[in-house]
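What follows is one structure encoded as structure tokens, with my remarks underneath.
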Amino acid sequence: MSEMDQTSRRFLNYPTPKTHDAPFFAPPPGKNPVIKGALLHYLANLVATVPLLPGVLWSNAGFSTLRNCRQLDGIDPRYDPTVVPLPQPGDEAPDSYTDKTNLRAPPGNASAGRFYSIKDFHDAYSSGAITPTDVVERLLPLVRRDIAERSPCSTGFMDSKVELIRQTADESTQRWKQGQPLGILDGVPFGVKDDLLVQGYKEYIGTSHDYTDGGAKETSWCVKMVEREGAILVGMLVMHELGMDTTNNNPIWGTPLNPYNNSYYTGGSSGGAACAVGHGIVPFAIGSDGGGSVRIPSNYCGLYGLKPTHARVSTAPMPDAGTSVTVRGPLASSMADLEVSYRVLAQPDPSTYPSSQFSPPRKLTGPRNKVLGVYKAWVDRADPPVQEACQSALRYFESELGYQIVDISIPLLHQGQLAHAMTIMAEGAAGHRTSIYDLTPANRILMSLARQTPATDFLLGQRVRNLLMEHLADLFRKHPGLIIVTPTTPNAGWPIDEAELSHGVTNGNMQIRNMEYVWLANFTGVPCIQFPVGYVHGVKGSGKVPIGLSGQGEWGSEDALIEFGYDGEKWLHEGYKGGKVMPEGWVDVLKMG
Numbered sequence: 001m002s003e004m005d006q007t008s009r010r011f012l013n014y015p016t017p018k019t020h021d022a023p024f025f026a027p028p029p030g031k032n033p034v035i036k037g038a039l040l041h042y043l044a045n046l047v048a049t050v051p052l053l054p055g056v057l058w059s060n061a062g063f064s065t066l067r068n069c070r071q072l073d074g075i076d077p078r079y080d081p082t083v084v085p086l087p088q089p090g091d092e093a094p095d096s097y098t099d100k101t102n103l104r105a106p107p108g109n110a111s112a113g114r115f116y117s118i119k120d121f122h123d124a125y126s127s128g129a130i131t132p133t134d135v136v137e138r139l140l141p142l143v144r145r146d147i148a149e150r151s152p153c154s155t156g157f158m159d160s161k162v163e164l165i166r167q168t169a170d171e172s173t174q175r176w177k178q179g180q181p182l183g184i185l186d187g188v189p190f191g192v193k194d195d196l197l198v199q200g201y202k203e204y205i206g207t208s209h210d211y212t213d214g215g216a217k218e219t220s221w222c223v224k225m226v227e228r229e230g231a232i233l234v235g236m237l238v239m240h241e242l243g244m245d246t247t248n249n250n251p252i253w254g255t256p257l258n259p260y261n262n263s264y265y266t267g268g269s270s271g272g273a274a275c276a277v278g279h280g281i282v283p284f285a286i287g288s289d290g291g292g293s294v295r296i297p298s299n300y301c302g303l304y305g306l307k308p309t310h311a312r313v314s315t316a317p318m319p320d321a322g323t324s325v326t327v328r329g330p331l332a333s334s335m336a337d338l339e340v341s342y343r344v345l346a347q348p349d350p351s352t353y354p355s356s357q358f359s360p361p362r363k364l365t366g367p368r369n370k371v372l373g374v375y376k377a378w379v380d381r382a383d384p385p386v387q388e389a390c391q392s393a394l395r396y397f398e399s400e401l402g403y404q405i406v407d408i409s410i411p412l413l414h415q416g417q418l419a420h421a422m423t424i425m426a427e428g429a430a431g432h433r434t435s436i437y438d439l440t441p442a443n444r445i446l447m448s449l450a451r452q453t454p455a456t457d458f459l460l461g462q463r464v465r466n467l468l469m470e471h472l473a474d475l476f477r478k479h480p481g482l483i484i485v486t487p488t489t490p491n492a493g494w495p496i497d498e499a500e501l502s503h504g505v506t507n508g509n510m511q512i513r514n515m516e517y518v519w520l521a522n523f524t525g526v527p528c529i530q531f532p533v534g535y536v537h538g539v540k541g542s543g544k545v546p547i548g549l550s551g552q553g554e555w556g557s558e559d560a561l562i563e564f565g566y567d568g569e570k571w572l573h574e575g576y577k578g579g580k581v582m583p584e585g586w587v588d589v590l591k592m593g
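Counting from 1, one number per residue, gives the positions in the sequence shown under full-length UniProt numbering.
Right under this line is the structure:
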């Protein structure tokens, strides 16, 4: 590793820039069996009990093929993708992250083409039209799952501490009445994914097991930063069990439905967060992303999502959150809300390395290079409607907003996705502390496979990581300001098969395809933003299905990606024919439309 000067910015642990060219090879068709319903239950028990069967399935998934990759010869393994931009003049923390002057207004009018935003809540409280107490009393019947008549939105929530929520809202209401709000987040509702800690709430990680033994004693740093600004946590949000798939199918807690089309999945594993934000219950939520788990649900539900640079957002005090692929990040209904929530939760944690080494997040000032990199052979693997929507946005960026589009290539993409999958599965298996028989059938199979990974193959995967990071560093050196653009997923949504809801489903072929583009940012540690760029008619159900575009930037380039996201929002509201589409399931929680 090295510290290097890169366009006036210096880094800690920056990869050695090096080109690793290789021809593009499309992955072979998946050979994983698709199993659902009662049959899945019996197969899961068979895989968990027959000693040789997990190894057969592991090899069938292609994980052993890294042994034949000669391009890895002489490449050292890299286990940690953390790259830290070192402080420079002007990197000091602002006086406030939630001063009103920091808030950009979303485009359009509320309830007429856009969701209610943090600004709408702030303005309503400022005018006295509504109070935080009024808001939570409207929200509680929508989010509670412990009442007889549950709303469709409540499936996205696991637990809401009613009296604590009311107390927090009353305190915020009093601050507003006294003219002393803490900032623009005071009284604004938000939600938190179930794999973060919140004092007093149990943590299940989507399973049936409480990992806190009765309730967390501490609150995760990033959640604490948001609560410190007066925002009101209205509940913990459902996730895919262990975060080990991308649908958010959860037979234990229930499967949240897509607000745009309730015959489609929300995406996962931050599916409860996307459900809550997409229905308009909260303007933003905090999720986690180990393999697209913030960006895939944001894509499926027409939202804005940010996967930060690895370790940019503190995971403390989570002992098992220190994996080499997983980060915390926000989902929001507008870029303004994504920006504010990111800056608050990304404040460096002085007690935790490497979070403490990052400079405080700040709004980008000065000019930026507008360079978009496209690997055509890779992007062309997306379904035609997805390609069309993304290409339309790119043409707008180039012709109307002054972006330059350059051709790039990235080596070993198929091997890289296998290496990422092997890594996240092995790290998940190492952190799993309960019986495998406590898991749903699909994860019983997946964890059985994850435990088959030999150390030699895991090491090969980390060689792939280093090779990819060196190549990306070379691209960023050659094209300062480069943003690598792809569709967020190659497919427009994932329809629900009702047979999958009772026992779950194992569909490794679709899961791998769904993650075709998102894994790279997790494995190499770079930041990535996702935003909606269009819609198509669903193949089932009622309502449109969103399509998203992603941009991956250099380590520490979140501020530039946020500006790119604003340009994406501009496209959707001004360039896209028909403009932003509101979901059929949107709820008017302020009742101001």
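Backbone N, C-alpha and C fix where the C-beta goes; we use that ideal spot for every residue, glycine too.
- Here residue 366 is exposed, its C-beta having fewer than 16 other C-beta atoms within 10 Å.
- Distance from the CA of residue 489 to the CA of residue 199, rounded to the nearest whole angstrom, comes to 35 Å.
- Under DSSP, residue 547 shares a beta bridge with 534.
- Checking the DSSP bridge columns, you'll see residue 330 partnered with 286.
- Taking the Cβ atoms as the reference, residue 575 lies roughly 7 Å from residue 400, within the contact range of under 8 Å.
- Look at residue 157 here: in three-state DSSP terms it is strand.
- Distance check between residue 79 and each of 523, 586 and 548 places 523 closest, using alpha-carbon atoms only.
- If you look at residue 347, you'll find it isn't in any beta strand (DSSP E); DSSP assigns it neither H nor E.
- The three-state reading of DSSP puts residue 246 in coil, since its state is none of H, G, I, E or B.
- Distance between residue 159 and residue 233, taken at the CA atoms: about 11 Å.
- Rounded to whole angstroms, the gap between the alpha carbons of residue 333 and residue 51 is 47 Å.
- In the assembly as shown, residue 328 is a buried residue. Its beta-carbon has 16 or more other beta-carbons within 10 Å.
- Shown here, residue 100 sits in a helix according to DSSP, grouped into three states.
- Residue pairing from DSSP places residue 483 in a beta bridge opposite 372.
- If the five residues before and after residue 361 are omitted, its C-beta is found closer than 6 Å to the C-beta atoms of 343 and 346, all from its own chain and listed in chain order.
- The residue among 10, 307, 445 and 218 with its C-alpha nearest the C-alpha of residue 56 is 445.
- In summary, residue 258 is buried, with 16 or more beta-carbon neighbours lying within 10 Å of its beta-carbon over all protein chains present.
- A residue is called buried when at least 16 other Cβ atoms come within 10 angstroms of its Cβ; residue 464 meets this threshold and is buried.
- In chain order, 372, 374, 394 and 398 place their CB closer than 7 Å to the CB of residue 405, counting only its own chain and leaving out the 5 sequence neighbours on each side.
- Residues of the same chain with a CB within less than 8 Å of the CB of residue 411, apart from the 5 flanking positions on each side, are 20, 21, 22, 71, 467, 468 and 471 in chain order.
- Of the other Cβ atoms in all chains shown, fewer than 16 fall within 10 Å of the Cβ of residue 179; this residue is therefore exposed.
- The beta-carbon separation of residue 183 and residue 96, rounded to 6 Å, stays under the 8 Å limit for a contact.
- Residue state for residue 222 is assigned as helix, using DSSP reduced to three classes.
- Per DSSP, residue 425 lies in no beta strand (DSSP E); the unbroken alpha helix (DSSP H) holding it starts and ends at 413-431.
- For residue 305, the three-state secondary structure derived from DSSP is strand.
- Excluding its 5 nearest sequence neighbours in each direction, residue 206 has C-beta neighbours in its own chain below 8 Å: 194, 195, 238, 239, 240, 241, 242, 243, 250, 252, 253 and 269, listed in chain order.
- The C-alpha of residue 225 lies about 16 Å from the C-alpha of residue 118.
- Contact annotation: residue 121 and residue 47 have beta-carbon atoms that are not nearer than 8 Å.
- Counted as a single uninterrupted DSSP element, the alpha helix (DSSP H) harbouring residue 469 occupies residues 455-478.
- With 16 or more other Cβ atoms inside 10 Å of its own Cβ, residue 503 counts as buried.
- Residue 325: not part of any alpha helix (DSSP H); DSSP gives it neither H nor E.
- Listed in chain order, the non-local C-beta contacts of residue 115 below 6 Å within the same chain comprise 280 and 333, local neighbours out to five positions each way being set aside.
- The beta carbon of residue 229 sits closer than 7 Å to those of 98, 182, 183, 185, 186 and 344, all from its chain and outside the five residues before and after it, given in chain order.
- If you look at residue 391, you'll find it in the alpha helix (DSSP H) that goes 384-400.
- Between residue 513 and the set 478, 440 and 417, the nearest pair of CA atoms involves 417.
- Counted as a single uninterrupted DSSP element, the alpha helix (DSSP H) harbouring residue 55 occupies residues 53-60.
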